[in-house]
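Undergrad:
Protein chains in written order, with the numbering used here: chain E, 1 to 144; chain S, 1 to 159.
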């Protein structure tokens with residue numbers, strides 16, 4: 001269970017705790033089965049090569065899920081995810097760890113909710129950003 | 001020159017803004033648990049009924065990107081928007097969330113094509129399609145909106 005963060009304790013510029021993921025070809029097959037996305041570029045290497053790709057590649061939606069988890073872990077069960085935006089700028093291939101990271105960029109109250117906006121990203125183990133994005137969440141207050 | 005002849009046909013252009021037939025799917029508990037396991041997220045709110053019952057949700061909910069899997073099982077959009085290119089990669093996704101998704105929910109999905117662009121890039125000539133999807137539950141509440149960008153291109157045999 002993620003620990004609960006509170007609005008008062010988080011400031012603009014704070015780093016979101018990094019989430020490491022170790023995607024494997026096995027995970028891509030599991031994700032294909034669980035999501036119903038059976039496009040072969042995610043598990044059939046010769047098919048991927050015929051489609052001008054360097055290898056089988058991670059599903060964009062799986063990378064989206066990793067960045068979703070970065071935010072749901074950070075906001076805890078009392079927080080709410082409002083928006084999650086990602087851009088798939090570069091492909092990720094299985095077999096090496098990738099890291100979901102983020103920084104708080106804005107903090108404000110909107111319609112009685114304690115809102116944080118964050119810049120988020122997926123980085124390869126070499127530090128290359130493949131998937132930048134943005135997220136908007138609400139956090140509980142200590143006083144309410 | 002590929003740039004002299006647009007691959008954006010009148011048929012594709014006419015599809016912009018036309019909403020697809022609604023398709024409804026029941027959300028199964030097992031599908032949520034399996035999805036959370038596949039993405040490697042061990043949060044109890046997705047897989048442990050007893051713990052989930054004590055939270056503000058009062059039971060299991062689905063991970064935020066789970067809704068994408070409804071589309072997977074529904075097959076291609078009913079809207080008449082087929083790219084002439086068979087190879088596709090994801091360009092991006094933008095989610096807006098309003099209500100949680102729970103086991104037993106009946107979620108109705110509609111989508112429409114909102115934008116088309118043609119570009120030359122490292123995969124050759126590419127067609128960029130933007131689709132807007134709407135997910136509505138059995139209480140007629142909008143659960144989520146998603147805007148997805150897909151990039152399609154001509155597959156070539158490797159050199």
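Positions of the beta carbon are idealized from the N, C-alpha and C atoms, including for glycine.
Please read these numbers as outputs of a predicted model, since none were measured by experiment.
1. Quick one: grab the DSSP three-state call for residue 141(S).
2. Measuring straight from C-alpha to C-alpha, what distance separates residue 120(S) and residue 97(S)?
3. Taking buried to mean at least 16 other C-beta atoms within 10 Å of its own C-beta, is residue 28(E) buried or exposed?
4. Just to check my reading of the structure: residue 174(E) and residue 63(E) have Cβ atoms closer than 8 Å, yes? What is that Cβ distance to the nearest angstrom?
5. If you run the structure through DSSP and keep just helix, strand and coil, what is residue 44(S)?
6. Quick one: which unbroken beta strand (DSSP E) runs of 3-plus residues sit fully inside the segment 56-112 of chain E? Chain order, please.
7. If you compare alpha carbons, which of 150(S), 148(S), 134(S) and 112(S) is closest to residue 14(S)?
8. Interface residues of chain S around residue 90(E) at Cβ under 7 Å?
9. What would DSSP say about residue 22(S), mapped onto helix, strand or coil?
10. With a cut-off of 8 Å, does the C-beta of residue 95(E) fall near any C-beta of chain S?
11. Identify the contact partners of residue 146(E) in chain S, using a Cβ-Cβ distance below 7 Å as the criterion.
12. On the DSSP letters alone, give me the boundaries of the alpha helix (DSSP H) that residue 130(E) sits inside.
13. Hey, could you find the ends of the alpha helix (DSSP H) residue 56(S) is sitting in?
14. Three-state secondary structure (DSSP) at residue 120(S)?
15. Listing by chain order, which chain E residues have their CB less than 9 Å from the CB of residue 93(S)?
16. The ligand ADP heavy atoms versus the CB of residue 134(S): any closer than 7 Å?
17. The segment 37-59 of chain E: which residues have C-beta closer than 9 Å to a C-beta of chain S, in chain order?
18. When burial is assigned at 16 or more other CB atoms within 10 Å of the CB, is residue 100(E) buried or exposed?
19. Closest Cβ-Cβ distance between residue 43(S) and chain E: below 8 Å?
20. Mapping DSSP to helix, strand and coil, what is residue 108(S)?
21. Flag this pair as touching only if the segment 27-46 of chain S and the segment 89-106 of chain S have three or more C-beta atom pairs under 8 Å; answer yes or no.
22. 8 Å is my cut-off, CB to CB: does residue 108(E) come that close to chain S?
23. Need the endpoints of the alpha helix (DSSP H) that residue 37(S) sits in, please.
24. To which residues does DSSP link residue 20(E) through a beta bridge?
TA: The answer reads as follows:
1. For the purposes of this step, residue 141(S) is taken as residue 141 along the second chain, with counting starting at 1. Looking at residue 141(S) - three-state DSSP - the assignment turns out to be coil, as it is neither helix nor strand.
2. Along the second chain, read from residue 1 onward, the residue named residue 120(S) stands at position 120. Along the second chain, read from residue 1 onward, the residue named residue 97(S) stands at position 97. Using only the alpha carbons, I get a separation of about 34 Å.
3. As a first step, residue 28(E) is located in the first chain; it is residue number 28 there, counting from the start. Residue 28(E) should be labelled buried.
4. Examination of residue 174(E) is not possible in this model, given that chain E is present from 1 through 144 alone.
5. Mapped onto the second chain, residue 44(S) falls at position 44. Of the three classes helix, strand and coil, the one that applies to residue 44(S) here is helix, per DSSP.
6. 80-87 and 98-110
7. Here residue 14(S) corresponds to residue number 14 of the second chain, with the count starting at 1. Nearest of 150(S), 148(S), 134(S) and 112(S) to residue 14(S), Cα basis: 112(S).
8. Here residue 90(E) refers to the residue found at position 90 when the first chain is read from its first residue. Under the 7 Å cutoff, chain S gives no residues; its nearest Cβ is about 11 Å from residue 90(E).
9. Counting from 1 along the second chain, the entry for residue 22(S) is found at position 22. The answer is coil: DSSP assigns residue 22(S) none of H, G, I, E or B.
10. The residue given as residue 95(E) occupies position 95 in the first chain. Residue 95(E) does not count as touching chain S.
11. The first residue shown for chain E is 1 and the last is 144, placing residue 146(E) beyond what the model contains.
12. Start at 1 with the first residue of the first chain, and residue 130(E) comes out as number 130. For residue 130(E), there is no enclosing alpha helix (DSSP H); the enclosing beta strand (DSSP E) has its first and last residue at 129-139.
13. One-based indexing of the second chain puts residue 56(S) at position 56. First-last for residue 56(S): undefined, no H or E at that position.
14. For the purposes of this step, residue 120(S) is taken as the residue at position 120 of the second chain. If DSSP states are grouped into helix, strand and coil, residue 120(S) belongs with the strands.
15. Taking the second chain and counting its residues from 1, the one referred to as residue 93(S) is at position 93. Those are 60, 61, 64, 84, 85, 86, 87, 88 and 133, listed as they occur along chain E.
16. The ligand ADP is not part of this structure, which contains no ligands at all.
17. 37, 38, 39, 41, 49, 50, 51, 52, 53, 57 and 59
18. Numbered from 1 along the first chain, position 100 holds the residue referred to as residue 100(E). Buried, since its Cβ has 16 or more Cβ neighbours within 10 Å.
19. Locating residue 43(S) in the second chain gives position 43, counting from the first residue. Residue contact check for residue 43(S) against chain E: a CB pair falls below 8 Å.
20. On the second chain, residue 108(S) is found 108 positions in, with the first residue counted as 1. Correct three-state label for residue 108(S): strand.
21. yes
22. Position 108 of the first chain, counted from the start, is the residue given in the question as residue 108(E). No, because no Cβ of chain S sits closer than 8 Å to the Cβ of residue 108(E).
23. Position 37 of the second chain, counted from the start, is the residue given in the question as residue 37(S). First-last of the alpha helix (DSSP H) with residue 37(S): 29-39.
24. Here residue 20(E) is taken as the residue at index 20 of the first chain, counted from 1. Answer by DSSP bridge pairing, in chain order: 99(E).
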